[in-house]
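Chains as they are written, first to last, in my numbering: chain C, 96 to 691; chain G, 96 to 691.
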């Protein structure tokens, strides 16, 4: 069984020392968000994560959720329900929720750090609040006042939870194919009919009511993605004054048996003329859903980060304890029968890969989350617009790469344990299984990559990329005179230049052949992720070199940054080389000949 | 539930058309091994794999093995025992076994193709014969005549199975630490006492007797790896005439709960003064164990190959069926509501990665296995010695890289399925879980890498590498005039040159600092694997371009080779770059500061 200790020191370093969140919150007028308060909340969250959620992680995996076909109900694993009650009592469900609806209105970027802790402690459990957070976003932006009073408030207060019902058996990434229909009734409600699959938290025993946000088609809706509307379909029919009535005609039909996240229930939901309430405008449901996509995708990126950190903590502890072989340069602990694993360069390669990706990913993700705060609170319209563009650009990088790195780090961490990593009791294999879903749900890595390269870069003439390159360029200029920074600034500036050039090159190819976008996308996503992380690692070194930072942190950050630049950043070479070979080698082989 | 169809066409293409096994078998005097017979046997094996073993794969995973603590017995999953009985009846246990002991003496390289089928159909089940094969190797080379008559014959005939008992709780890779002791008795037997863990097939219900090969220390043995001897410890005491007696004092104490291969039992074995028989010379047990290492490690490499192929088959079928989105260059199947996944370049990238690694890995592994035949049957001593050196060099590449690629392909294949890949019923997630052990057992990837770079390359002045480079160079010279080959020959020749140069460079660094070996090892292993595969892909194109090969195969091989050279071979750049940064960035950070 593995333990979890929230990396408070590194979270604070990233948020305050590198990203400068204190000054930002002050500038945005977030008066609640004083450093004292935030530190106290963070400490409490760390306790909740480490003491309440982490001990339930293994049992959630071994017991899983149990479905009763007779009643359509789901029992979550032992302890999950009680932990949720404690979470509600502590006021955690509304920590970043709007104050007008019972929330505490703390910054989203701060909430992101808390999310990382919950996810690392117990990914399955944390999926329930995650989905609620998505519903909060949709209701906050698109809900009618009564819908906000009734549903938003109940979710912020944790009395009810939310879901997102998008996928159907025949359509996952391609929502244009969806068939669920919504027929208007005379009373202004809608009768929603159809089957949704892969519904996280579709049924559970945490709360009485569950608020499903459902994509469906109106009778006269145009085909494809332009004919999709969004509906609230509560488990219990809910009047406009908030009175909860009888059971609605929505029911969990079965639950999936999955590779991991066994404690997070994944439901088939059958809607059989269920009472629903239109949210937002007719046929604009996808736009409403997309509005909460940034936050939901960032949230899954944080899951990747969380798993990186949890895996890394386990691998580090084991590598320090486990004695095996002698160091090649002579015994390091001659009094012991062998040296600990951590003396061996290849173990260090795996550990430092995890450390550099996790700590780098933390800066990347927390910075992206600050853009949510800017979008919501900045006075200046242009600043809000810029933040929206930059966030749109960074979101697929955070979602796509942090989840891929989550899988990679879980892989390395398990490998550090040798045969013991493959055994359940050490908890490492659970992390690897849990991580595997994160590159799939909320849009696969391939979908993130198309979003990044197609929609967010080529369609916008590189507006987001230009902003990020400007950040790099300004940083490099500011640091150019510092001899301690030159080893990072030079390769970073070169990487940024090459990133821009590669993007232009793909753009030119894509004009000639639209297939070039899909052919380059995942490699471009990875390329972007590695350059972005190089920027944050350079920023970290600059931050830690400032007066007042402790020596151990300074050394650790500098050496990890050196490792990153030396051994991880060169991955960009491979991705650039692959991109430059173009689409031809992917498309030449006829589909019928793949098994020739 | 996923199906499995043995890739007979590609196996035969690799073995006969690319590697030229027919001529080799004739030259080695393997008169049994006629093409007609081999083809017939291969077809039968494919049926057994597809019809008997494959249908048991999912149930093996869901039911697993059951341990009864009261009796110390293990029940294998439903159907496993019956399948083994059928396997024995069919004479499969002795297919490559020595004829003098009831085997059929077919070539090991041919046996490797059969192994791939069994592994792909049902990895868990196939672990039982795999371990027996290891025991056969050890007994064949080091057993006394009576031990061969009794134990070897019974294993070849499938009446008993074998195990390898190396690992102890405190020592995995570092066998020098092992504590199990063997005390001589007056009757010439030994009393073996100790605890062994991770013993695959340590207890089961396939056969009455189980032949444990156990590493242990004699009372006067020197410390470390030079004081280890090898013993036969049967589950049932066995007299020199083969008479089976009472239960020996060896007992399964518990079984592990693992991430995957649930049908393959992993036991803790307690030896409590169990009767054992010394095999080989005192204190030379590790050498005896290493003698069967090549074959056992190749066998695990074949597991990686098998999983690549099974995963690829599943992903290809799904990608052809599942309709999702339109091709970026316009609908390819306008009559359908969407195009199948396989039109999308990124899906093709994943599929072609699997195809190129699996088919390339097959040539690499089968060629390596032919060296086992050369070592055993060649008349010329120098030829045998050369083959031994080359096999020693290739074995860690096959074991290390085919298992890493097995994991990679299982990852891609699951990803092609989207959310459905994460659900148990499709069978893809089982492949990913099963694959995860293969980079660990029989020596982790890190251990393979040290073996390749340290023992097999630097210590032997690159003797194995030189042989392989000579093969490449001769091939390139022979193909240099063929315009159809130039696109492969030029980059292959360059990759070979760079491989040699990189090796020399590491050698020079290692003289100055022994830590450079460990710092470079895994990247060097990967680098070697990618260049070796480039050679085999070029060979495949040359072979398929010859007269008489069908057009579909010619096209498929050429385009897959192009994909490989364009998009996979560039990974060498990243590995070379990482190696060239040296050990410093791995060793600089004090172990105490890793979590600073």
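Glycine residues also receive a C-beta, built at the ideal position from the N, C-alpha and C atoms.
None of the values given here were measured: they were computed from a predicted structure.
Checklist entry - What span of residues does the alpha helix (DSSP H) with residue 310 of chain C cover, start to end? => result First-last for residue 310 of chain C: 305-311, but that is the beta strand (DSSP E), not the alpha helix (DSSP H).
Next on the checklist: Could you compute how far the alpha carbon of residue 294 of chain C sits from the alpha carbon of residue 98 of chain C?
Outcome noted: Between residue 294 of chain C and residue 98 of chain C, the C-alpha separation is close to 29 Å.
Item to check | Cβ separation of residue 603 of chain C and residue 105 of chain C, assumed to be a contact under 8 Å, to the nearest whole Å | outcome: Residue 603 of chain C to residue 105 of chain C, Cβ: 41 Å. No contact.
Next on the checklist: Which residues of the segment 551-575 of chain G have a Cβ closer than 9 Å to any Cβ of chain C? Give them in chain order.
Outcome noted: Those residues of the segment 551-575 of chain G that come within reach of chain C (Cβ to Cβ, closer than 9 Å) do not exist; the list is empty.
Checklist entry - Tell me which same chain residues have a C-beta within less than 8 Å of the C-beta of residue 744 of chain G, skipping the five on either side of it? => result Beyond the ends of chain G as shown, which are 96 and 691, falls residue 744 of chain G; an answer cannot be given.
Next on the checklist: Give me the chain G residues within the contact set of residue 688 of chain C, using Cβ-Cβ distance strictly less than 9 Å, ordered along the chain.
Outcome noted: Counting only Cβ-Cβ distances below 9 Å, residue 688 of chain C has contacts in chain G at 647, 648, 650, 651 and 654, in chain order.
Checklist entry - If we cut at 8 Å on Cβ distances, does residue 106 of chain C have a partner in chain G? => result No, because no Cβ of chain G sits closer than 8 Å to the Cβ of residue 106 of chain C.
Item to check | residue 307 of chain C beta carbon less than 8 Å from that of residue 260 of chain C | outcome: Yes, the Cβ-Cβ distance between residue 260 of chain C and residue 307 of chain C is below 8 Å.
Item to check | Runs of beta strand (DSSP E) lying entirely within the segment 162-230 of chain C, each at least 3 residues, in chain order | outcome: Runs of the beta strand (DSSP E) inside the segment 162-230 of chain C: 168-170.
Item to check | Contact between the segment 527-536 of chain C and the segment 452-471 of chain C (3+ Cβ pairs under 8 Å) | outcome: Touching, no.
Checklist entry - How about residue 269 of chain G: is its C-beta nearer than 8 Å to some C-beta of chain C? => result By this cut-off, residue 269 of chain G is an interface position.
Checklist entry - Looking at the unbroken alpha helix (DSSP H) that takes in residue 636 of chain G, where does it start and where does it end? => result Counting along the chain, the alpha helix (DSSP H) containing residue 636 of chain G begins and ends at 610-639.
Item to check | C-beta atoms of residue 400 of chain G and residue 211 of chain G nearer than 8 Å | outcome: Yes.
Checklist entry - Ends of the beta strand (DSSP E) at residue 292 of chain C? => result Under the DSSP assignment, residue 292 of chain C falls in the beta strand (DSSP E) whose first and last residues are 285-295.
Next on the checklist: What does the alpha-carbon distance come out to for the pair residue 137 of chain C and residue 689 of chain G?
Outcome noted: One C-alpha to the other measures close to 23 Å.
Checklist entry - How close, in whole Å, do the beta carbons of residue 223 of chain G and residue 256 of chain G come, if the pair is a contact with beta carbons under 8 Å? => result Confirmed, Cβ separation roughly 6 Å.
Checklist entry - Exposed or buried, which one is residue 599 of chain G when buried takes at least 16 other CB atoms within 10 Å? => result Around the beta carbon of residue 599 of chain G, a 10 Å sphere encloses fewer than 16 other beta carbons of the protein chains shown; the residue is thus reported as exposed.
Next on the checklist: Here's the rule: buried if 16 or more other CB atoms are within 10 angstroms of the residue's CB, otherwise exposed. What is residue 760 of chain C?
Outcome noted: Outside the shown range of chain C, which is 96 to 691, sits residue 760 of chain C, and nothing can be said about it.
Item to check | Touching by the beta-carbon criterion (3+ pairs, under 8 Å), the segment 660-673 of chain G and the segment 483-498 of chain G | outcome: With fewer than three CB-CB distances shorter than 8 Å, the segment 660-673 of chain G does not count as touching the segment 483-498 of chain G.
Item to check | Terminal residues of the beta strand (DSSP E) in which residue 440 of chain C lies | outcome: Looking at the DSSP string, residue 440 of chain C is not in any beta strand (DSSP E); the run it does join, the alpha helix (DSSP H), is 440-472.
Next on the checklist: So, with DSSP's three-state summary, where would you put residue 342 of chain C?
Outcome noted: Three-state result, residue 342 of chain C: strand.
Checklist entry - In chain G, which residues lie less than 8 Å from residue 617 of chain C when you measure between Cβ atoms? => result Going along chain G in sequence order, the residues near residue 617 of chain C (Cβ under 8 Å) are 441 and 444.
Next on the checklist: I'd like to know whether the C-beta atoms of residue 331 of chain C and residue 337 of chain C end up nearer to each other than 8 Å.
Outcome noted: Cβ distance not < 8 Å, so residue 331 of chain C and residue 337 of chain C don't count as in contact.
Checklist entry - Going along the chain, which residues of its own chain have a beta-carbon closer than 7 Å to the beta-carbon of residue 371 of chain G, five neighbours each way excluded? => result 277, 284, 285, 287, 309, 326, 327 and 328.
Checklist entry - Smallest Cα separation from residue 396 of chain C: which of C:214, C:193 and C:608? => result Of C:214, C:193 and C:608, the residue nearest in Cα terms is C:214.
Next on the checklist: For the pair the segment 106-123 of chain G and the segment 161-169 of chain G, tell me if three or more CB-CB distances fall below 8 Å.
Outcome noted: Short answer: they don't touch.
Next on the checklist: Please list, in chain order, the chain G residues whose beta carbon lies closer than 7 Å to that of residue 680 of chain C.
Outcome noted: Simply 657, 658, 661 and 662.
Checklist entry - Using a C-beta cutoff of 8 Å, does residue 221 of chain G count as contacting chain C? => result Chain C places no beta carbon closer than 8 Å to that of residue 221 of chain G, leaving this residue out of the contacts.
Checklist entry - For chain G, is any of its Cβ atoms less than 8 Å away from the one on residue 419 of chain C? => result With 8 Å as the cut-off, residue 419 of chain C counts as an interface residue toward chain G.
Next on the checklist: Does any residue of chain C have a CB that is nearer than 8 Å to the CB of residue 120 of chain G?
Outcome noted: Not one chain C Cβ lies under 8 Å of residue 120 of chain G.
Checklist entry - Is DSSP giving residue 251 of chain G helix, strand or coil here? => result It is helical.
Checklist entry - Given a limit of 8 Å on CB to CB distance, which residues of the segment 516-539 of chain C reach chain G? => result Residues passing the 8 Å Cβ filter: 516, 517, 518, 519, 520, 524, 527, 528, 531, 532, 534, 535, 536 and 539.
Next on the checklist: Checking the sheet assignment: what are the DSSP bridge partners for residue 363 of chain G?
Outcome noted: Residue 363 of chain G pairs with G:349.
Checklist entry - DSSP on residue 370 of chain G, reduced to helix/strand/coil? => result Three-state result, residue 370 of chain G: strand.
Next on the checklist: Given this structure, state the Cα-to-Cα distance separating residue 350 of chain G from residue 519 of chain C, to the nearest angstrom.
Outcome noted: Going by the C-alpha atoms only, they are around 12 Å apart.
Next on the checklist: Below 8 Å on the Cβ atoms is my contact criterion, and I expect residue 500 of chain G with residue 403 of chain G to pass it. Report the Cβ-Cβ distance as a whole number of Å.
Outcome noted: In this structure, residue 500 of chain G and residue 403 of chain G form a Cβ contact; the two beta carbons are roughly 6 Å apart against a cut-off of 8 Å.
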